[in-house]
Amino acid sequence: MITGITGQDGAYLSKLLLEKGYRTVGFLRRSASANVIGERLTRLGVLQDIEMVDGDLLDMPSMMAAVAEFEPDEIYNLGAQSFVATSWRQPHLTAQATGMGVLNVLETVRKMSPHTRVYQASSSEMYGLIQEPVQSEKTPFYPRSPYAVAKLFGHWMTVNYRESFGMHASSGILFNHESPLRGIEFVTRKITDGVARIHLGLAKEIRLGNLDATRDWGHAADYVRAMHLMLQQDVPDDYVIATGRTTSIREFCRMAFSCVDLDYAEYVKTDPKFMRPAEVDVLLGDPAKAKANLGWKPEITLEMLVAEMVYADIDRLKA
Ligand code: NDP
Ligand code: GDP
Numbered sequence: 001m002i003t004g005i006t007g008q009d010g011a012y013l014s015k016l017l018l019e020k021g022y023r024t025v026g027f028l029r030r031s032a033s034a035n036v037i038g039e040r041l042t043r044l045g046v047l048q049d050i051e052m053v054d055g056d057l058l059d060m061p062s063m064m065a066a067v068a069e070f071e072p073d074e075i076y077n078l079g080a081q082s083f084v085a086t087s088w089r090q091p092h093l094t095a096q097a098t099g100m101g102v103l104n105v106l107e108t109v110r111k112m113s114p115h116t117r118v119y120q121a122s123s124s125e126m127y128g129l130i131q132e133p134v135q136s137e138k139t140p141f142y143p144r145s146p147y148a149v150a151k152l153f154g155h156w157m158t159v160n161y162r163e164s165f166g167m168h169a170s171s172g173i174l175f176n177h178e179s180p181l182r183g184i185e186f187v188t189r190k191i192t193d194g195v196a197r198i199h200l201g202l203a204k205e206i207r208l209g210n211l212d213a214t215r216d217w218g219h220a221a222d223y224v225r226a227m228h229l230m231l232q233q234d235v236p237d238d239y240v241i242a243t244g245r246t247t248s249i250r251e252f253c254r255m256a257f258s259c260v261d262l263d264y265a266e267y268v269k270t271d272p273k274f275m276r277p278a279e280v281d282v283l284l285g286d287p288a289k290a291k292a293n294l295g296w297k298p299e300i301t302l303e304m305l306v307a308e309m310v311y312a313d314i315d316r317l318k319a
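Each residue of the sequence shown is one higher than the last, beginning at 1 in this note's numbering.
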């Protein structure tokens, strides 16, 4: 069972699990806009193979009902209010969905289905004001947004339930991962969509915030493999999933514009509207533990990722 089934990672993870022969259940919050529900799942060609169950992470009885009905062996808790900028505008909702939602999953499993293995989608945003130049599982956290604070709650609850109740609950501390299915509000997708529009004559510029922040960007398809591997281990644990390379927003712009032979400096404008009240300046992960214990390593380079995203946005806009 996957929460966050309609999101970027929900789509890639469903595809992976279906290919492995899993019966895959999506924990789906109702929307009045039915066409939006299946957009990413349709693009990966998996919508028709997923069984959906109504539910909301804010509503523990719905999680209990879903677990009672489907008796899942594995739950991947990907659902969250996942956009950092929004978390300052909706801190209470973010605390509920991104923080308390995790507890609702863990409590349901503890009470009703202790054999179920749980994956918690933790985040490199928890490192925030970084305490070490390269972040590993041992690096202290310093969250810098309501989103990161809520994720930290979920992370420690996962660790605590594992240690207190012997649950098979693992926390993946995933660094930023992107794809053509990334939400349009995130900076990579905003850039590749903007590049495609400019290339096709549909826009003249892209307005962005801080260009000097750096992120350790990987591809979502690589990162969902790591989620699955964590739940196949005999012993649950926490893992950093990252590429070990950090790149600035500015450099990402340069790479994306070069895919269509344009100079980013002529089209990218900065706009204070997109600056954040507190910034995470640098993220750079050390995936050594995941490599050693899970045998995981990323296969898609940043160059491949940027090109895939730019060309997918061009194709989408042409269509
Ligand atoms: P998305 O924003 O694409 O997807 C979020 C999903 O959560 C959507 O399916 C959304 O449903 C669902 N959701 C939101 N609120 C609720 C709720 N109250 N009840 C049930 N479902 C809800 O995120 P990603 O796929 O990119 O990320 C997956 C997870 O990994 C998230 O928890 C994110 O915070 C975390 N993460 C992501 C990283 C990244 O770089 N992508 C890095 C580190 C962690 P709906 O479609 O209805 O809005
Ligand atoms: P995050 O790491 O989860 O916050 O992922 P985002 O893609 O939202 O942001 C990554 C970085 O890009 C942050 O340091 C932002 O401040 C920076 N950034 C600069 N301009 C923008 C913008 O216009 N939109 C977003 N989303 N981020 C921007």
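Cβ atoms here follow ideal geometry from the backbone N, Cα and C, with glycine treated the same way.
query, result
"Cβ-based burial, Met309 [other Cβ within 10 Å; buried from 16]", "buried"
"Pro270 burial status per 10 Å Cβ neighbour count (16 or more: buried)", "Going by the sequence as given, residue 270 is Thr instead of Pro. Per the 10 Å Cβ criterion, exposed."
"Endpoints, the alpha helix (DSSP H) within which Ala292 is located", "Unbroken run through Ala292: none, as it is neither H nor E."
"Contact the stretch 229-240 vs the stretch 284-298: 3+ CB pairs below 8 angstroms", "yes"
"Span of the beta strand (DSSP E) around Gly172", "Ala169 to Leu174"
"Cβ contact (3+ pairs, closer than 8 angstroms) linking the stretch 244-263 and the stretch 194-212", "yes"
"Element boundaries [beta strand (DSSP E), containing Thr270]", "Val268 to Thr270"
"Nearest-angstrom Cβ-Cβ length linking Arg197 and Leu317, presumed shorter than 8 angstroms", "7 angstroms"
"Under the three-state DSSP convention, the category Tyr22 falls into", "coil"
"Nearest candidate by alpha-carbon position, reference Asp263, set Met60, Glu299, His199 and Gln120", "His199"
"C-alpha distance - Ala97 paired with Pro146, whole-angstrom precision", "12 angstroms"
"Span of the beta strand (DSSP E), counted from its first residue to its last, around Arg117", "Arg117 to Ser123"
"Asn210, DSSP secondary structure in three states", "coil"
"Limits of the beta strand (DSSP E) - the one that Asp238 falls within", "Asp238 to Ile241"
"Minimum length 3: unbroken beta strand (DSSP E) runs contained in the stretch 35-67", "51-54"
"Proximal residues to Met64 (C-beta, below 7 angstroms), its chain only, five neighbours per side dropped", "Thr108 and Met112"
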